[in-house]
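Residue numbering for the sequence shown follows my numbering, starting at 450 and increasing by one per position.
Beta carbons: idealized from backbone N, C-alpha and C, even for Gly.
Predicted model only: the values in this text are computed from it and were never measured.
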Amino acid sequence: MKRMVHTIGNENNTYNPFIIAKNKDIEIRYIDFGIENYGQLIRIEDSNIILLSQLIKGMKKSFFIVAHELGHYVLKHKNQVSDARVRDEFEANFFAAELCFEFYREQHNKKATQPRQLLEYGMPMEMAMSI
C-alpha cells in the first residue's frame, strides 16, 4: 500500500487528495447525505464522482474522506454488499491513512510523530493512534 501511495504522490507531485482527484478527472460534489454518510465514490459509465456530505464542506475531515474514496478508486473496489465490503472499507481506510501521513510530511517537511498531527487532515483518532 505504501508503494502505491508513493507512486500516486509522485505521479501527481502531491499527496493532496483533492488535487489527486482533480488530476484523475474525478469530480467532487457536495450533497445532503444527512448524518449517516460522509462520502461515496460512484461510477457512471466512464465517469467517477466523489460525493461528499455538505456537513464536512471546508472541514479537515474532508481530506481523509476524499483520500478514503480515492482508495476505493485506486484499488478498483466495486460497490457491493458482502463480506468483501468489510475488507474494501479496511483497505480504503489504510490507503487514506497512508495518503494523509504523506500529505502531512509534504506540508510540514517532517514525519508525523504524534496522533494529533494527523487529526489535522481528519484522520480518525483510532487510526492516528496507530502511527
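Paired residues, beta bridge with residue i - DSSP
i	result
GLU476	ILE498
Test item: CB-CB of residue i and residue j under 9 angstroms
i	j	result
ALA470	ILE480	no
GLY488	GLU555	no
GLU540	LEU524	yes
GLY552	ASN465	The identity of residue 552 in the sequence shown is Phe, whereas the question assumes Gly. Their beta carbons are under 9 angstroms apart, which means PHE552 touches ASN465 by this criterion.
LEU504	ILE498	no
TYR570	LYS509	yes
ASN486	HIS517	no
Cβ neighbours of residue i in the same chain (closer than 6 angstroms, five flanking residues each side left out)
i	result
THR562	none
ILE484	none
ASP495	none
Contact set for residue i: own chain, Cβ-Cβ below 7 angstroms, skip 5 residues either direction
i	result
MET578	PRO564
LYS560	ARG554
MET572	PHE513, ALA546, CYS549
Residues of its chain near residue i, where Cβ-Cβ distance is below 8 angstroms and the 5 sequence neighbours each way are ignored
i	result
MET574	PRO564, LEU568
HIS455	GLU551
ILE468	ASN461
Please go through the region 479-525 and give each complete alpha helix (DSSP H) segment of 4 or more residues, from N-terminal end onward.
510-523
Counting beta carbon pairs with one atom in the region 507-518 and one in the region 537-553, are three or more of them shorter than 8 angstroms?
yes
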